[in-house]
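For the sequence shown, the residue numbers in the working numbering are 7 to 490. The beta carbon of each residue, even a glycine, is placed where N, CA and C say it ideally should be. Note that the coordinates shown come from a computational prediction; the quantities given were computed from them, not determined experimentally. Just below is one structure, and these are the notes that go with it.
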Amino acid sequence: MDIHNPKMSSSSPHVLMFPLPAQGDLSPMLKLAEILCLANLKVTFINSTHNHQCLTRHSDIETRFSRYPEFEFKVIPDGLPDDHPRTGGGWLLELLQGLKSNVEPFLRERLLPESRSTHKSPVTCLIADALLRFAFDVANEAEVPVIEFRAMGACAIWAFFCIPKLIEAGEVPFKDEEMDELVHNVPGMTTFLRRRDLPSICRVKDASIPDIQFAVKIQKTWKAQYLILNTFEDLEGPILSLIQEHCPRIYTVGPLHAYLKYRLGLTETTLSTSLWEEDRSCISWLDQKPDKSVVYVSFGSLASITKDQLVEFWAGLVQSKKYFLWVVRPNMIVGSDPNSPTPNELLEGTKERGLVVGWAPQEEVLSHQAIGGFLTHSGWNSIIESIVAGVPMLCWPAFADQQVNSRCVSEVWRIGLDMKDKCDRTTVEKMVRDLMDAKREELERPMAKLSNLAKKSITEGGSSYCNIDRLVEDIKLMSTKEAS
Numbered sequence: 007m008d009i010h011n012p013k014m015s016s017s018s019p020h021v022l023m024f025p026l027p028a029q030g031d032l033s034p035m036l037k038l039a040e041i042l043c044l045a046n047l048k049v050t051f052i053n054s055t056h057n058h059q060c061l062t063r064h065s066d067i068e069t070r071f072s073r074y075p076e077f078e079f080k081v082i083p084d085g086l087p088d089d090h091p092r093t094g095g096g097w098l099l100e101l102l103q104g105l106k107s108n109v110e111p112f113l114r115e116r117l118l119p120e121s122r123s124t125h126k127s128p129v130t131c132l133i134a135d136a137l138l139r140f141a142f143d144v145a146n147e148a149e150v151p152v153i154e155f156r157a158m159g160a161c162a163i164w165a166f167f168c169i170p171k172l173i174e175a176g177e178v179p180f181k182d183e184e185m186d187e188l189v190h191n192v193p194g195m196t197t198f199l200r201r202r203d204l205p206s207i208c209r210v211k212d213a214s215i216p217d218i219q220f221a222v223k224i225q226k227t228w229k230a231q232y233l234i235l236n237t238f239e240d241l242e243g244p245i246l247s248l249i250q251e252h253c254p255r256i257y258t259v260g261p262l263h264a265y266l267k268y269r270l271g272l273t274e275t276t277l278s279t280s281l282w283e284e285d286r287s288c289i290s291w292l293d294q295k296p297d298k299s300v301v302y303v304s305f306g307s308l309a310s311i312t313k314d315q316l317v318e319f320w321a322g323l324v325q326s327k328k329y330f331l332w333v334v335r336p337n338m339i340v341g342s343d344p345n346s347p348t349p350n351e352l353l354e355g356t357k358e359r360g361l362v363v364g365w366a367p368q369e370e371v372l373s374h375q376a377i378g379g380f381l382t383h384s385g386w387n388s389i390i391e392s393i394v395a396g397v398p399m400l401c402w403p404a405f406a407d408q409q410v411n412s413r414c415v416s417e418v419w420r421i422g423l424d425m426k427d428k429c430d431r432t433t434v435e436k437m438v439r440d441l442m443d444a445k446r447e448e449l450e451r452p453m454a455k456l457s458n459l460a461k462k463s464i465t466e467g468g469s470s471y472c473n474i475d476r477l478v479e480d481i482k483l484m485s486t487k488e489a490s
């Protein structure tokens, strides 16, 4: 497939893309959108008004996509008030309800037969986030093929898939004193997955609450024919085989950020898809530090911490005597007054050893020679980016898939340490020192191997390279069937 051939006929396939409007889901979907544009496909990308305003304010997204004349943003309100924090408990279900009200009419107008005929370029297929079930329903009603996109790894997806079985077997819900018992109803993971490593939604006292019932409904009604994952076969092959028994067509296309950079040429940077302003002063700060001497600390785009937790992390980092670059988002601190002063000794320790920024260009930071370790919330994008950069991790998961991810990092791939459910300065200090000193070589060896496999997967002949070609060809076949 020649993705650099600019020719595009009026019958070129038209892909409608619909991500969940959150940073961790939006970023890989935008990268996939650009990859499909490079493959000469027409792409319409549904973006929430709130996110689009943030993207245009903090990135060059409009300039970047202006090079693709067959790419179009469709900007639609997400249904939440402008001042909504878009984090916190109950936020997701509220968001999904708002999206259904605002986006479903557009989907019906573009997908249903009576409307499609009025458009010059009818939609060939819908690529949508797995949680947007109402979009799948409209596409199925219109007999438009649906390709499901999941912004998490295969191991976490499989754990979510097994939640109904876990409930039926009585393994969920569970008591606090049973957290370290191995689970028996997640095939392929029974030798290492404990109850505390299950998706955070399993930590409920009652399986009838709306959040877990929503998860159960999604898994029980899951009938995906096509599934795109931002992972690679050498990382999660055994679990991918189990998922394939339920979904016949899986495209492992990751790491997407590395693939896009490879396709564009190494001299070009990938698109910034940040919803916050990136503080680039951290790069010049890193330039002044010795190789592998800095711990990069970021808990992602949605995780929150209390002021007490902030102080414990801060104290542990300072007491570790390691340099650290810490991302503290403006809306990250919850609970006690975020404006209350930080203890003077911690401020002094930060001046000597640390730098705190509101948001950072993470891909660039992780690839910087000064970074020696990554204290992370274990979000999937962060894990994939860390693997490509070859940076060992210290995991402190917050919610959703992150509990599963952190266990895989420490016990399956052995490329990091798991600090799950602990947040005291003594533990932070010890584990940061383990990451940077005592266990560095032990972690760097498997990490270097995985990093090389990740890079190999996205170069010509690699598994992800071939799977993206296969995805494009399958979309073209859908277009051919539609035309006939």
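Tell me which same chain residues have a C-beta within less than 6 Å of the C-beta of residue i, skipping the five on either side of it?
i	result
SER304	VAL333
ALA395	LEU372, SER373
ASP135	PRO25, LEU26, ASP31, PHE155
MET399	PHE380, THR382, SER392, VAL415, GLY422
PHE405	SER206
ARG439	SER326
THR50	LEU22, GLU78, LYS80
THR356	none
CYS43	VAL49, TYR74, PHE77
If contacts are defined as beta-carbon pairs under 8 Å, then residue i and residue j qualify, I think. What distance do you get, rounded to the angstrom?
i	j	result
ILE377	VAL300	5 Å
ILE41	ILE82	Not quite, the Cβ-Cβ distance comes to about 23 Å (not below 8 Å), so this is no contact.
SER278	PRO367	7 Å
GLN29	SER307	4 Å
CYS131	VAL152	7 Å
SER107	GLY85	5 Å
MET442	LYS328	5 Å
Across which residues does DSSP place residue i in a beta bridge pair?
i	result
LEU361	LEU331
PHE24	ALA134
VAL150	Answer by DSSP bridge pairing: none, since VAL150 is not bridged.
VAL301	PHE330, GLY379
ASN53	VAL81
LEU188	ARG200
MET399	PHE380, GLY422
VAL340	THR312
PHE155	ASP135, ILE234
Residues in the same chain with beta-carbon distance under 8 Å from residue i, minus the five sequence neighbours each way, listed in chain order, please.
i	result
PRO111	none
SER342	Confidence is the limiting factor: at SER342 the pLDDT is only 48, short of 50, which leaves the residue's position unreliable, though a coordinate-based value still follows. Once the five neighbours on either side are set aside, the close Cβ partners of SER342 are THR312, LYS313, ASP314.
LEU199	ALA165, LEU188, VAL189, VAL192, VAL410, ARG413
SER18	ASN46, LEU47, LYS48, GLU76, SER127, SER485
ARG286	PRO367
PRO254	GLN231
GLU284	HIS64, SER278, TRP365, ALA366, PRO367
Which same chain residues, not among the five before or five after residue i, have their C-beta less than 7 Å away from its C-beta?
i	result
ASN57	PRO27, LEU32, LEU281
ARG431	GLU318, ALA321, GLY322, GLN325
ALA454	GLY396
TYR268	ILE464, THR465
VAL150	LEU117, VAL129, CYS131, LEU132
PHE220	LEU99
VAL434	GLU318, PHE319, GLY322, LEU323
PHE180	ARG201
THR93	LEU308, SER310, ASN337
Quick check: does the Cβ of residue i come within less than 6 Å of any heavy atom belonging to the ligand GTP?
i	result
TRP402	With respect to the ligand GTP, the structure offers nothing, as it holds no ligand at all.
State yes or no: is the beta carbon of residue i nearer than 7 Å to at least one beta carbon in chain C?
i	result
ALA157	Absent from the structure: chain C. Only one protein chain is present.
* To do: Ignoring anything shorter than 4 residues or poking outside the stretch 192-216, list the alpha helix (DSSP H) runs there in chain order.
  => List check, alpha helix (DSSP H) in window: nothing returned.
* **the stretch 143-161 in contact with the stretch 399-417 per 3-pair CB rule at 8 Å** => The stretch 143-161 is in contact with the stretch 399-417.
* Asked: Of all the beta strand (DSSP E) runs that stay within the bounds of the stretch 231-289, which reach a length of 3 or more residues?
  -> Whole beta strand (DSSP E) segments, 3+ residues: 232-235, 255-258.
* Are there three or more Cβ pairs, one per stretch, closer than 8 Å when the stretch 223-236 is compared with the stretch 164-182? -> Taking one beta carbon from each stretch, the stretch 223-236 and the stretch 164-182 have 3 or more pairs nearer than 8 Å; the two touch.
* Evaluate the contact criterion for the stretch 288-296 versus the stretch 190-210: three or more CB pairs, one atom per stretch, below 8 Å. => The stretch 288-296, when compared against the stretch 190-210, does not touch it at the 8 Å Cβ threshold.
* With a cut-off of 8 Å, do at least 3 Cβ pairs link the stretch 469-479 to the stretch 228-244? -> By the criterion of at least three beta-carbon pairs nearer than 8 Å, the stretch 469-479 is in contact with the stretch 228-244.
* To do: Could I get the ranges of all uninterrupted alpha helix (DSSP H) runs contained in the stretch 437-480, with 4 residues as the minimum, in chain order?
  => The DSSP assignment places 446-463 as complete runs of the alpha helix (DSSP H) inside the stretch 437-480, in order along the chain (cut-off: 4 residues).
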